[in-house]
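Residue numbers (the working numbering): 5 to 65. Ideal Cβ positions, reconstructed from N, Cα and C, are used throughout, including at glycine.
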Amino acid sequence: MKCTYEELFASFRRGLRNGNWKKLSRLEKALYRVSLGYSSVQGAIIKAKEYLHGRLRYGNG
């Protein structure tokens, strides 16, 4: 699976709206920001885990 910048940014915005961004630790937030920056330069992240993507979308459960 690959994650594009557009997909990651859409999940980031959704996480801000539904409040899940506040539930992430500082490390998870930093990792997500780095992923956004990397994907904006490289175009996509190949074979990315869906860990943070899922946490933002669905919360801690």
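Environment of residue i [buried if 16+ CB atoms lie within 10 Å]
i          : result
glycine 41 : exposed
serine 43  : buried
Test item: CB-CB of residue i and residue j under 8 Å
i           : j                : result
tyrosine 60 : phenylalanine 16 : Note on residue identity: the sequence assigns leucine, not tyrosine, to residue 60. The answer is yes: Cβ separation under 8 Å.
For residue j and residue i, the rounded distance between their alpha carbons
i             : j           : result
cysteine 7    : leucine 20  : 19 Å
isoleucine 50 : arginine 37 : 17 Å
alanine 48    : serine 39   : 9 Å
glutamate 11  : tyrosine 62 : 15 Å
arginine 18   : leucine 35  : 17 Å
Could you name each continuous alpha helix (DSSP H) segment of 4 residues or more that falls completely within the segment 7 to 45, going from the start of the chain to the end?
9 to 22, 24 to 27
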